[in-house]
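Numbering (our numbering), first residue to last: 1 to 370.
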Amino acid sequence: MAYEFYEILEVSCEVSAEELKRAYRKKAMEVHPDRHGGDKEKETLFKEVNEAYATLSDPQKRAHYDRFGTNDMGGGGFGGGQGGFHTDMDFSDIFESFFGGGFQGGGTRRKSGGVEGEDIEIRIKLDFAEALSGLKKTVSYNRKVVCTECTGTGAKKGTEPKECTQCHGAGQVRRRTQTIFGVMEQTGICDKCHGTGKIITDKCTKCHGERREIQKTEKEIDIPAGIDDGMTIKVRGEGNDGIESKAGDLYITFSIPDSIDSLTREDTNLFYTIEIDPVEAVLGTKKILKLPVLGERTLEIKAGTQHGEVLKFKWDGVKHISKDQKGDLFITVNIKIPTHLSKRERELYHEIASEKKIEVANEGILSKIF
Ligand SMILES: [Zn+2]
Ligand SMILES: [Zn+2]
């Protein structure tokens, strides 16, 4: 009795916390009742595995157990029995982390006599402005719909499907698979009847026994303002039809350029760069900018503006897709030094130079032109 908990988890008495956790996960998966169709023996084993882990993963309880060979610490505290154990893990976590949420995988799923419709993923392109404003757009794609001729039985009019000989109508078969965690027994979909439990001998002339047929579908989608490249919208129930079961969902992923005519987007913020004359930077000015998509903006250049200074237009960026909130517009001001001056401009620059006692460089041929 003394070291039974260690035996249940198939670990040594010196097992580390990390190894213990690993052993527990492995064991819990092996004996999980969901994977054995409610097998009573496995259910008991599963409880034992959990009780063993709950005790051994708690240093205090483990010390007590090592010493007395029992997890009963007397009275309160750890009680054993029904609902007495607490672990730091939720079982669904374990299964999700190992199998990505359930055993069914990607294919056709069977639930309560029917076949669930598969999800459909499509990609559509939007232009920069469409993504900013949001819009209603009609997308077209192919989806499987229940055959109108046989109403989803797959059998020719006037005939009936027969019970599957492999699964005897259950739609599911048990099979053993070799995995990295050892041999596991899994209940899977019968490959002969694809989970329907029925075999069709005389196939429907319209869907050829497929029970569903591909139909070109058009759907108007409400695309919210602020949608960004790579984002996906889920449209519930617009995937493939199920058979006596729910339809799959439609997932639309968007491809959107991140810039238009030098206006660049980063999440909900927008960036733009302009060039101004040194005189504008020195004395300050007001500039009317014509920005792509956004339209006109009045820019106040303060006297003494430095090269590379960034002016912010608060909440003038992109609307957040779900929050009532907007990003900002940032305008970088670069100073462009003129390379061609009129004669008068040159004289004025020379005047400034002499005022500031700056010895100007010999301008050679250039100065002789003016
Ligand atoms: Zn079958
Ligand atoms: Zn049909």
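Yeah, the Cβ is synthetic: ideal placement off N, Cα and C, and Gly gets one too. All values reported here derive from a predicted model rather than from experimental measurement.
Near ligand 2: K206 beta-carbon under 6 Å from a heavy atom: yes
Buried or exposed (CB count within 10 angstroms, at least 16 for buried), K27: buried
V11 versus Q166 - alpha carbon distance: 40 Å
Cβ-heavy atom distance, Q166 to ligand 1, below 6 Å: yes
Residues near G209 in its chain [Cβ-Cβ closer than 8 Å; skip 5 each side]: G154, A155, I200, K203
Status (buried if at least 16 other CB within 10 Å, exposed otherwise) for D258: exposed
Whole beta strand (DSSP E) elements within the segment 229-312, 3-residue minimum: 232-235, 250-255, 263-266, 269-276, 285-291, 295-301
DSSP three-state assignment for D324, whether helix, strand or coil: coil
Member of D328, K234, Q325, V282 whose CA lies at the smallest distance from the CA of I337: V282
Contacting residues, own chain, Cβ-Cβ under 7 Å from G114 (five flanking each side not counted): G242, I243, E244, S245
Candidates I288, V310, L250, of which the one nearest T273 by Cα: V310
As assigned by DSSP and simplified to three states, the class of V173: strand
Rounded C-alpha distance that separates G81 from F5: With a pLDDT of only 35 at G81, under the threshold of 50, the placement of this residue in the model should not be trusted, and no figure is reported.
Cβ-heavy atom distance, C190 to ligand 1, below 6 Å: yes
DSSP state of S57 mapped onto helix, strand, coil: coil
Simplified DSSP assignment, three categories, for L9: coil
Check: E149 C-beta below 6 Å from any heavy atom of ligand 2: yes
Whole-number beta carbon distance between C207 and C150, since they are thought to touch under 8 Å: 6 Å
Environment of L270 [buried if 16+ CB atoms lie within 10 Å]: buried
C-beta contact flag for K326 and I221 at 7 Å: no
As assigned by DSSP and simplified to three states, the class of L341: coil
Beta strand (DSSP E) segment containing F330, residue limits: 329-335
heavy atom of ligand 1 below 6 Å from C193 C-beta: yes
Contacts around E275, its chain only, beta-carbon distance under 7 Å, and the 5 residues preceding and following it disregarded: N334, K336
V127 - DSSP class collapsed to helix/strand/coil: The sequence given here has Asp at residue 127, not Val. Here D127 sits in coil by DSSP.
For N142, three-class secondary structure by DSSP: strand
Helix, strand or coil at E163 according to DSSP, with G and I counted as helix: strand
Opposing strand residues paired with R212 [DSSP bridges]: V146
Rounded straight-line distance, which links the Cα of D328 to that of F313: 6 Å
E14, DSSP secondary structure in three states: coil
Nearest neighbour of T264, chosen from G169, D228, D39 [CA to CA]: D228
Neighbour flag for S16 against chain B, beta carbons, 7 Å: Looking at the structure shown, chain B is missing, and only one protein chain is on hand.
C-alpha gap between Y251 and N142, whole angstroms: 13 Å
Sequence-distant residues of the same chain with beta carbon closer than 8 Å to L294, five excluded per side: L263, L270, D316, L329
Three-way DSSP call (helix, strand, coil) for V31 in this model: helix
Of the residues E19, A23, L20, N50, the one placed nearest P33, counting alpha carbons only: N50
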